[in-house]
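The structure under discussion appears below in the form of structure tokens.
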Amino acid sequence: MGKCEIVIKPNGERANIDINGVIDEDFDFTQYVIKDYNEIEVNLAALKSINSCGIREWIKWFNTNPKGTILFYECPKIIIDQINMVQGFLVSNARVMSFFVPYYNEDVGSELNVLFKYGQEFTEDGVKPPQVVKDDQGNLLEMDVVESKYFRFLKKA
Amino acid sequence: MENPKVLILDDDITFLTATKEYLVKKGYDVVAVNSAQDAKGFIEAENIQNILIDCLLPAESGIDFVKSLRQTPVGKQLNKVILTSAYFTDPSFIKEAFSETGATDFLVKPFEMEELIAALPPAVGNIDKVDGIRLSRRRLYEVFSSEKRDPRWLTKLLEKIESLHGFDLPLIYNLILETQVSGFLNLSSEDGRIFGVTFCNGKIVGVDFDDKETFLGKILIEHGFISPGDLESVLMRKGTRKLGEALINEYYISPHALQIAMIEQMGLRLSRTIVDQEVKLNFVRSQIEEQSPYITVDQVGVYLHDWVISKLNLYWLRAQLAEWKYSKIKKHTNFSERLKNIKELVLFKTYSVMFQEIMSEKSLGQLIEKYANEEEVFLKIIYFLLMKGAIYFSDEGGLGSQDLATYLDKIESGINSNSEDKWLEIISQALGVSFQSKSLLHDHFLNSLRPFEKNKDTQIKERANKLMLKTEAFFNANSNYDAKRQNESTPKAGPQSKASLPGEVNPLDAVKIHISKNEFDMAYKLLNAISQKGAPIAKYNLYYTWVLLGIQMKKNPNQKVITESNEIKNSFMKITPEEKYDPIYHFLLGLNYKMKGQLEMALRSFEKALALDAQFIFARREMMLLRGDQNKVTPSGDKDLKSLVGNIFSKKR
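As they're listed, the protein sequences go chains A and B.
Whatever position you read off the first sequence (first residue = 1), add 334 for this note's numbering.
Whatever position you read off the second sequence (first residue = 1), add 53 for this note's numbering.
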């Protein structure tokens, strides 16, 4: 199966964590200790894939720090899908601060992932997508998700 | 009751056409215009009370249009005023728009059609306004008629599925295999379990089902690749090595033997994913390395056969297929390709005549009537063919308006002249089913009304719609569907039935006592009573088969060869793949062979049962009887091997 890499950059009581690659049954979260941090910022931009084993291990790992604040940045669609599907995937002390939304042009087949940031493209009141999204060739792209399903996690928060 | 009228005003013709088409299908009466003047004319002339207006129009803004409309008499009677915009999405603009127009909703384009439906008054008899499972299943069954089968198509299809029933997972597996997409199918069941299947280029290369039981040791013993004693000694010595690796390194088994066992284990785990619950899913496309062991689409076809036979029950099948009762069964164009090798499968070998009849393009209802005495088997064959994508249900009905009217008359008269406490009984009788659970009955009832929406007779359609609305509140009263499904006693079969917890009385204990005393008739009555309660019980099918064999043999005590009854055959078919690793299963095979006079085969089966459980007294006794010599019985070990093997294989918490 694939490889996963976690890079933890401690900064006193805080830490920045990058999770890269594929989270599957071959990956051992337990070697990384996060329980003592008051705030953790997790960047998921380079996370490529996660399977059911990875989902269970993810939940266990993040629950080792039930008191700290956990902020997720640049969540790929695969993570948003798990947040929407699995109760407890987004642990109670965690928040999504930014996430990617795929856009697509059916005619030319071009794709683009647009980053939605808290305070800009979404807030507690809802989602405010960019009015126009274009690819490098100027082709208009449309949101390529089932919106009522994809943005559901924002209503749960 | 008329369908709600809706007027759409937009200068985007594509949007107008698509939205009108969608709303009409949903039961709305729709007028679509691209000029404000035309819109005003229609609203006044036809007293339209629901409007969908784009804020950005060529001549005047949608907001100004609504503001001026509000000054007129018809404007004061507007019900739903929905504003849309792709450009004016600023919260302050939206807030002002609400304030100035008295709008009831503001949809930002692009929006999901479900959001629009939610913003409109419900259409009369909006049969599609049901929970995600029913809608998703319809889409699933129609999917095999789609010519388009590329990875993007599949990904988008899977994204649209909110949830589905675990029994429909084989169809998803087949779809992914046939589309040859690689990635992880992640699944989450109602009871909070998370599991998944890994696909690679048309093969299943991994199954993750998080439970404590593993089957590798049992499989190796069952195949005769290793003796229980040798296995035990390797387990003691293996350390951190994987069992398979240790067995190969110490030359107990060949890599080929391990491969066989691992494929079988993967199949068993796959079988465990077919749960009798709602399941949510998502698919993560990913590069997956080719690896072995793996399961191919043909092998899944064989497992599918076993799952359909052993896991599905009559009540569930009836409820799910009720929608197509009046539809003709038709073959897909690649029917033969999809069904190559099925003649080897037990279901088709035993019921080949029924299978031929299914291909005669009669309606489902006509065939159900014909095979009323074997309805469960018949519906299982139908479901198997559906899951394989070999058949579909045509819109050509086999029954006409007269039959539909008769069906409606039956229910309407019962409901109109009785209080609600009698409705469950009335509807069950009209459907010709015994009441099992309210939610299942509701599924069945709604599905039985689906054919009406295609009927050209508008009176019939309206009657069906009214009936549906009238009973909707009744079925939904005081219920959370998820909670009800978990609590109600729906007959469930198969491995997801839980074993008793320590301290709990196992209903099968009394059955076992009767069996030990050869009181098979008493045991049979008890088992039927247990089945009526509907609660799922582990090993039920094993004991039921045992009792049937006992009754058969007791009826014919002096006969050396007894013909296997259809009831026994069917009972064997219902034993799930996981239960086939229970020593009782091999014992039952032994009894069956013995009954049919195949004594050598019987001995081998009893030996296998003893290999898995050296203390299995019944198997030991049968062997003694067959061999006629107590001293020749040599059990495989003195210890309780089953518990030893089971304990060793249990995953550590």
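Where a beta carbon is used, it is the ideal one built from N, C-alpha and C, also for glycine.
- Annotation: B:R294 is outside any alpha helix (DSSP H) and is labelled neither H nor E by DSSP.
- Along the segment 341-360 of chain B, going in chain order, the ones with a CB nearer than 9 Å to a CB of chain A are I341, E342, Q344.
- Listed in chain order, the non-local C-beta contacts of B:V337 below 7 Å within the same chain comprise G236, F237, N239, local neighbours out to five positions each way being set aside.
- C-alpha of B:W599 to C-alpha of B:S569: approximately 11 Å in a straight line.
- In the three-state reduction of the DSSP assignment, A:M477 falls in the strand class.
- Each of B:K271, B:G320, B:P346, B:L334 was checked against the Cα of B:P308, and the nearest Cα belongs to B:P346.
- The segment 58-116 of chain B contains, as complete alpha helix (DSSP H) runs of 4+ residues, the segments 66-78, 89-99 (chain order).
- When DSSP states are grouped into helix, strand and coil, B:I621 belongs to the helix group.
- Counting of Cβ neighbours within 10 angstroms places A:V367 among the exposed residues, the total staying below 16.
- Straight through space, the alpha carbons of B:Y226 and B:S447 are spaced by roughly 24 Å.
- Assigned with DSSP and collapsed to three states, B:R657 falls in helix.
- In this structure, the alpha-carbon of B:D510 lies about 10 Å from that of B:L457.
- Annotation for B:S241: no alpha helix (DSSP H) segment contains it, though the beta strand (DSSP E) segment containing it runs 236-242.
- Between A:Q416 and B:G245, the CB-CB gap reaches or exceeds 9 Å.
- Just so you know, the alpha carbons of A:Y371 and A:F363 end up roughly 16 Å apart.
- Take the alpha-carbon of B:A443 and the one of B:S324: they are about 21 Å apart.
- Using a Cβ-Cβ cut-off of 9 Å, A:Q465 counts as an interface residue toward chain B, since at least one Cβ of chain B sits closer than that to its own.
- Of the residues B:F640, B:F671, B:Y646, the one whose Cα lies closest to the Cα of B:E275 is B:F640.
- The Cβ-Cβ distance between B:K441 and B:T349 does not fall below 9 Å.
- Its Cα nearest to that of B:Q330, the residue B:K364 stands out among B:R322, B:L131, B:K364.
- Taking a cut-off of 8 Å for Cβ pairs, the segment 284-293 of chain B and the segment 405-414 of chain A do not touch, as fewer than three such pairs fall below it.
- The Cβ atoms of B:E414 and B:K378 lie no closer than 9 Å to each other.
- Taking 8 Å as the cut-off between beta carbons, the residues of the segment 261-278 of chain B near chain A are D261, D263, in sequence order.
- A:Q465 places its beta carbon 9 Å or farther from that of B:Y356.
- Taking A:I340 as reference, the option from A:T457, A:E373, A:V430, A:I357 with the minimal CA-CA separation is A:I357.
- Taking the CA atoms as reference points, B:L173 sits about 25 Å from B:P111.
- One finds Q465 in chain A with Cβ atoms closer than 8 Å to the Cβ of B:Y140, taken in chain order.
- Close partners of A:M431 in chain B (Cβ separation under 7 Å) are lacking, with about 20 Å as the shortest Cβ gap.
- Interface residue (Cβ-Cβ distance to chain B less than 9 Å): A:K483 is classified as such.
- Interface with chain A (9 Å Cβ-Cβ cutoff): B:F220 is excluded.
- Taking the Cα positions, A:S482 is about 53 Å away from B:F278.
- Using a Cβ distance threshold of 9 Å, B:I61 and B:L131 do not count as a contacting pair.
- Residue pairing of B:D158 in beta bridges, as defined by DSSP: B:I135.
- Runs of the alpha helix (DSSP H) spanning 4 or more residues and lying entirely within the segment 294-343 of chain B occur at 296-302, 308-326, in chain order.
- Contacts with chain B at 9 Å (Cβ-Cβ) include A:D415.
- Listed in chain order, the positions of the segment 286-319 of chain B with a beta carbon within less than 8 Å of a beta carbon of chain A would be empty, since no residue qualifies.
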